[in-house]
Amino acid sequence: MPKTIAVLAGFPDINLNSSGYDGWTGFEPLPGCTQDLKNMRKLLEGYKFDQLYILSGRNLGTAQYIIKTLEYQTSLLKAGDLFVFYFTGHGVQAPHPERIEKDGFDDAICCYDRPLLDLELGNVWAKVGFGVRIVMMSDSCHSGTNAAILSKIENMRTDFMKSMSITASSSSSTYPRITSVNIKAMLIHYGACEDRDTSAAYDTGSPFTDAIYELCQEGKFPGNYPALCQAIIKKTQERGLPQIAQYNELGPRTSLEFNAFRNQKPFTIGFPRELLHTTHKEEHNLESKDRNQLYVPFYSSSEENKKPENTTREERKIVKESSSTSHIPFRAKL
10 MPKTIAVLAG FPDINLNSSG YDGWTGFEPL PGCTQDLKNM RKLLEGYKFD
60 QLYILSGRNL GTAQYIIKTL EYQTSLLKAG DLFVFYFTGH GVQAPHPERI
110 EKDGFDDAIC CYDRPLLDLE LGNVWAKVGF GVRIVMMSDS CHSGTNAAIL
160 SKIENMRTDF MKSMSITASS SSSTYPRITS VNIKAMLIHY GACEDRDTSA
210 AYDTGSPFTD AIYELCQEGK FPGNYPALCQ AIIKKTQERG LPQIAQYNEL
260 GPRTSLEFNA FRNQKPFTIG FPRELLHTTH KEEHNLESKD RNQLYVPFYS
310 SSEENKKPEN TTREERKIVK ESSSTSHIPF RAKL
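The sequence shown begins at 10 in this note's numbering and counts up by one.
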């Protein structure tokens, strides 16, 4: 039977006195994060996950502790195992020095002591082996692509958007599926909103997590992983919210294994037995130096030269120390 592990992280409060936030005072507490964590824990307990870990607060909520937890727990997994990483809290964007992101910004989740960048999460996922299934859900602002610094973007035409009656004025005209050249595992990512947008949060819990909980509790959701994103969007639109949930795929998405993964009901523990022992030519062809190198994505020259989009979002100008991520300039909609 495949192993199932979940790491759930959330921060009703963050340490604004930490050097990682450089005295920023623009964040309001998010008491609803506590209920979000309870709902996700209850949801995954219903799916009979083997292990569930809750990370929050001063000691368990530092960015480095979360990274080490993710690295250790994913190192225990083999092909066919299922790993869930869920986050609820603030999200921000940090200017990328080389501006190789499409909008010129890295996306980050706000841990207790500092933001945790998409680049850092990408480094974690790059170490996970072939055939491992990963589901990441980020209930935070600017979360559309915060699973990693993403490489190639393959645009799927508007069938998905048309089916949800989503217009170009409320979202982009394409629905991206994103692949990374250096991620060997199979990763499905949900963001509560597009990178440029913010997500709603209430004292009783956030609409994005509420939608996942209502749709998937007791295994009642009948569709697959892409269909769940459609259902989340419908739920949030019914509440009159402008945010559009995002769905991305990272890893070998053209493989038979990934096709089987995406077409499963969300959080299904079992995996087709005949796919668990598939020989992966890519794995055998990797040289030892490639196995240990950090996640370095590929970008076309057209992506590298794009400038950040003009925006009315608040920006805080802080000098970034190139040798450390402890001081990060970032922006967030207030």
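Cβ coordinates follow ideal geometry from the N, Cα and C atoms, glycine included.
Tyr256: member of the beta strand (DSSP E) spanning 255-259, first to last residue. Here the segment 137-155 makes contact with the segment 244-263; the two share three or more CB pairs at distances below 8 Å. The Cβ neighbour count for Lys57, taken over all protein chains shown within 10 Å, is under 16; the residue is labelled exposed.
With a cutoff of 8 Å on beta-carbon distance, Phe230 and Pro275 are scored as near each other. Less than 8 Å divides the Cβ of Gly98 from the Cβ of Ile118.
Between the alpha carbons of Val144 and Asn191 lies a distance of about 17 Å. In the three-state scheme derived from DSSP, where H, G and I count as helix and E and B as strand, Gln226 is classed as helix. In the three-state reduction of the DSSP assignment, Phe94 falls in the strand class. If you look at Ser147, you'll find it in the beta strand (DSSP E) that goes 142-148. Taking C-beta atoms as the reference points, Gly138 and Lys193 count as a pair closer than 8 Å.
The segment 205-219 makes contact with the segment 37-48: 3 or more CB pairs, one atom from each, lie closer than 8 Å. For Tyr234, the enclosing alpha helix (DSSP H) starts and ends at 234-247. The C-beta separation of Ala15 from Leu61 comes to about 5 Å, placing the pair in contact by the 8 Å criterion. Contact between Pro216 and Arg271 does not hold, since their C-beta atoms are separated by about 24 Å, which reaches or exceeds 8 Å. Ranked by how close their Cα comes to the Cα of Arg123, the residues Phe94, Leu69, Val93 have Leu69 in first place.
Each residue's CA atom was taken as its position, placing Arg142 and Phe94 some 11 Å apart.
Between Phe92 and Ala18 a beta carbon distance of about 13 Å is seen, past the 8 Å cut, so the two are scored as non-contacting. Straight-line measurement puts the Cα of Asp219 at about 11 Å from the Cα of Ala201. Selection Thr13, Leu126, Phe114 evaluated against Gly29 yields Leu126 as nearest (Cα-Cα).
In terms of CA proximity to Glu258, Met146 leads the group Met146, Arg205, Asp59.
Taking 8 Å as the cut-off, the Cβ atoms of Leu284 and Leu265 count as close. DSSP lists Val16 as the beta-bridge partner residues of Tyr62.
A Cβ-Cβ contact shorter than 8 Å links Asp148 with Ser208. DSSP, read as helix, strand or coil, puts Phe139 in coil. Annotation: the continuous alpha helix (DSSP H) that includes Ile76 extends over 72-84.
Under the three-state reduction of DSSP output, Leu265 falls in the helix class. The Cβ atoms of Tyr121 and Gly66 sit closer than 8 Å to each other. Ile221 places its beta carbon 8 Å or farther from that of Pro11. Residue pairing by DSSP places Val101 opposite Ala117 in a beta bridge. Asp59 is classed as exposed because its beta carbon has fewer than 16 other beta carbons within 10 Å across all chains shown.
Each residue's CA atom was taken as its position, placing Ile197 and Pro261 some 11 Å apart.
Between Thr34 and Thr245, the alpha-carbon positions lie close to 29 Å from each other. Taken through DSSP and simplified to helix, strand or coil, Ile23 comes out as coil. In this chain, the alpha helix (DSSP H) harbouring Leu52 covers 41-55.
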